[in-house]
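J.: Chains as they are written, first to last, in my numbering: chain A, 19 to 367; chain B, 1197 to 1364. First the structure, then my questions, so here it is.
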């Protein structure tokens, strides 16, 4: 029986899930702080520095402020769906973390524990499935607001996400043709032994990166909540912590998609130049796993920083420019990339 | 009861109840949301049969793409009970009931006749649904129907482009 319950396995996975979820939440919390600091540095300001030393308690203050704000649910709106919207946004943001390999194996209490919640053999497709679910949080929330402007903002956001999913999927197909596996763990192990996938698929990575920016609704594609043109986009009617959930989901998405990009293209927890087998002999497997986790987080944080760097450097696209880029540039480019990859693989065989 | 059985019953109850709610709920938007839940329950069944690829593709294509378009259309048209004239004609309701009941009868009869009821379903153990095996079978044994269906998809895509171009 595959599903016969092993109590220790359940406890192990439960602990892993709680740790990963808590870590993502804390990291996303401090990503909001980092964003404000990065913006401040780029604009030659000091940034938040009042709450705690160097302002490091600022995210807590922001969270408390959101909790204490008055909660408004518009009349005539479906109350259940109105609450379901931000909850779905949060849920889909968190769910992707299940297939990411955060590090290699550790041995605790005589058990070999993989630092990954679930190693399923459809890993990438699972990520893709969850991403395609992300639209519902926005659409349901915008419709339940019972506000025309919210609905228009929601449609804008949803059509943007759908359009960029296509190019993203095809860029991934080219990557799958190179790696020959869908499991993220196998992919990372292959990259540890060989070269990083980035060097095999540079164009694929570029397309994927641009699509991730669009999927996360980040500048230059943050048309979904272009506050100076569109009121507030799909979350116009939201207030208090429900608004907080929508905004916070964006930061979780940023961190998780950085983690996905790192494991797909940049060797995951692989430490470059270092020979893992030697290092394991020297410091032991568990410490090696810790080093791996820090390496992984370091790479992921770089991409989170990239998100912020781009946001405070590049102005917003116009909506028709956005659609043209998605359908007339990225999609053909991804198709050509896939064809070339296929031809090269066939030639090398 | 084993875990598989418990999951099976949970998913089945969820699938049937939400499928009934698709028909029963007054608001079209709620109907679509229930339909999405039904798709998720069916994907759960696929996973119980170890057909992971089918499960995730069901979610990506049906729940993730087609249902979003349904939702788009329904939200934009703002359909609700007021804009829909109530069904007055009793004969149509009567005829619909008879047609539905006959379809159910045919389905039950067909299921009773099939040989597959004798073969037990391979829960958890079957490997056909895993992506490597499925891919190999699709590109060797079933390559002709596979290619035919891809041509069908292509023609549907071109058709959609042609229809949308005519409007402009």
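Every residue, glycine too, gets a C-beta built ideally from N, C-alpha and C. Fair warning: this is a prediction, and the values are worked out from it, not measured in the lab.
(1) Please tell me whether, using a cut-off of 7 Å, the distance from the CB of residue 218 of chain A to the nearest non-hydrogen atom of the ligand GDP is below it.
(2) If the cut is a Cβ gap below 9 Å, which residues of chain B does residue 293 of chain A touch?
(3) Taking a cut of 7 Å between CB atoms, which residues from the segment 136-165 of chain A lie near chain B?
(4) Tell me, please, whether the segment 54-61 of chain A touches the segment 229-240 of chain A by the rule of three or more beta-carbon pairs shorter than 8 Å.
(5) Assign residue 367 of chain A to one of two classes, buried (16 or more other C-beta atoms within 10 Å of its C-beta) or exposed (fewer than that).
(6) Can you give the Cα-Cα distance for residue 1356 of chain B and residue 359 of chain A, rounded to whole angstroms?
(7) Assess, as a yes-or-no matter, whether the segment 215-225 of chain A is touched by the segment 180-193 of chain A under the definition of 3 or more beta carbon pairs within less than 8 Å.
(8) Between residue 160 of chain A and the rest of its own chain, which residues show a CB-CB distance below 7 Å, the 5 nearest in sequence each way excluded?
(9) Determine the direct distance from the alpha carbon of residue 1327 of chain B to that of residue 105 of chain A, and round the result to whole angstroms.
(10) What would DSSP say about residue 125 of chain A, mapped onto helix, strand or coil?
(11) Taking only the alpha-carbon atoms, compute the straight-line gap between residue 136 of chain A and residue 210 of chain A and give it to the nearest angstrom.
(12) Can you list the residues of chain A that residue 1327 of chain B reaches, using a CB-CB cut of under 9 Å?
(13) Identify the residues that DSSP records as bridge partners of residue 132 of chain A: which are they?
(14) So, is the C-beta of residue 1267 of chain B closer than 8 Å to a C-beta in chain A?
(15) With the cut-off set at 8 Å, would you say residue 2 of chain A and residue 320 of chain A are in Cβ contact?
(16) Looking only at its own chain, which residues have a Cβ that is under 6 Å from the Cβ of residue 264 of chain A, when we skip the five neighbours before and after it?
(17) Identify the continuous alpha helix (DSSP H) that holds residue 268 of chain A and give its terminal residues.
(18) Smallest Cα separation from residue 42 of chain A: which of A:303, A:267 and A:285?
(19) Would residue 267 of chain A count as contacting chain B if we go by Cβ distances under 8 Å?
(20) Output the boundary residues of the alpha helix (DSSP H) element that contains residue 338 of chain A.
(21) Within 10 Å of its beta-carbon, does residue 1254 of chain B have 16 or more other beta-carbons around it, so buried, or fewer, so exposed?
(22) At a cut of 8 Å, does the segment 196-206 of chain A reach the segment 113-122 of chain A through at least three beta carbon pairs?
(23) Which residues in the same chain as residue 176 of chain A place their Cβ atom closer than 7 Å to its Cβ, once the five residues preceding and following it in sequence are excluded?
(24) Assuming contact is defined by CB atoms lying nearer than 8 Å, are residue 98 of chain A and residue 163 of chain A in contact in what I supplied?
(25) So, is residue 344 of chain A buried or exposed, given that buried needs 16 or more other C-beta atoms within 10 angstroms?
(26) Pair every Cβ in the segment 302-317 of chain A with every Cβ in the segment 273-287 of chain A, then say whether three or more of these pairs are closer than 8 Å.
(27) When Cβ atoms are compared, which residues of the segment 1219-1253 of chain B fall closer than 7 Å to chain C?
(28) Quick one: using the 10 Å Cβ neighbour count with 16 as the cut-off for buried, is residue 1263 of chain B buried or exposed?
(29) Does residue 151 of chain A pass the burial test, meaning 16 or more other C-beta atoms within 10 Å, or should it be called exposed?
(30) Can you tell which of A:289, A:237, A:44 and A:139 has the C-alpha that lies nearest to the C-alpha of residue 74 of chain A?
(31) Taking Cβ-Cβ distances below 9 Å as the criterion, which residues of the segment 1348-1363 of chain B are in contact with chain A?
(32) For residue 285 of chain A, which of A:250, A:342 and A:212 has the nearest alpha-carbon?
(33) Determine the closest residue to residue 195 of chain A out of A:361, A:241 and A:27, with distance taken between C-alpha atoms.
(34) When the Cα of residue 180 of chain A is compared with those of A:364, A:340 and A:351, which residue comes out closest?
(35) How many whole angstroms separate the CB atoms of residue 140 of chain A and residue 1248 of chain B, which I take to be in contact at a CB cut-off of 8 Å?
(36) By the DSSP assignment, the alpha helix (DSSP H) with residue 80 of chain A in it spans what residues?
T.: Result, derived from the coordinates:
(1) Ligands in the displayed structure: none, and consequently the ligand GDP is not present.
(2) Going along chain B, no residue has its Cβ under 9 Å from residue 293 of chain A, so there is no contact; the nearest lies around 31 Å.
(3) 138, 139, 140, 143, 144, 146, 147, 150, 151, 153, 157 and 161
(4) no
(5) Exposed is the call here.
(6) 29 Å
(7) At 8 Å Cβ cutoff, the stretches touch.
(8) The beta carbon of residue 160 of chain A is closer than 7 Å to those of 168, 169, 171, 172 and 252 in its chain, skipping five residues each way along the sequence.
(9) 32 Å
(10) strand
(11) 20 Å
(12) 139, 140, 143 and 200
(13) A:123
(14) yes
(15) Missing from the structure shown is residue 2 of chain A; chain A here goes from 19 to 367 and no further.
(16) By the criterion of a C-beta distance shorter than 6 Å, residue 264 of chain A is surrounded in its chain by 104, 107 and 253, once the five residues flanking it on both sides are discounted.
(17) 258-283
(18) Looking at the Cα atoms, A:267 is the closest of the given residues.
(19) Answer no: the Cβ-Cβ gap between residue 267 of chain A and chain B never drops below 8 Å.
(20) 337-342
(21) buried
(22) yes
(23) 153, 156 and 157
(24) no
(25) buried
(26) yes
(27) Within the model displayed, chain C is absent; protein chains A and B are what it includes.
(28) buried
(29) buried
(30) A:44
(31) none
(32) A:212
(33) Per the Cα distances, A:361.
(34) It is A:340.
(35) Between residue 140 of chain A and residue 1248 of chain B the beta-carbon gap is near 5 Å, inside 8 Å, which marks them as a contact.
(36) 76-86
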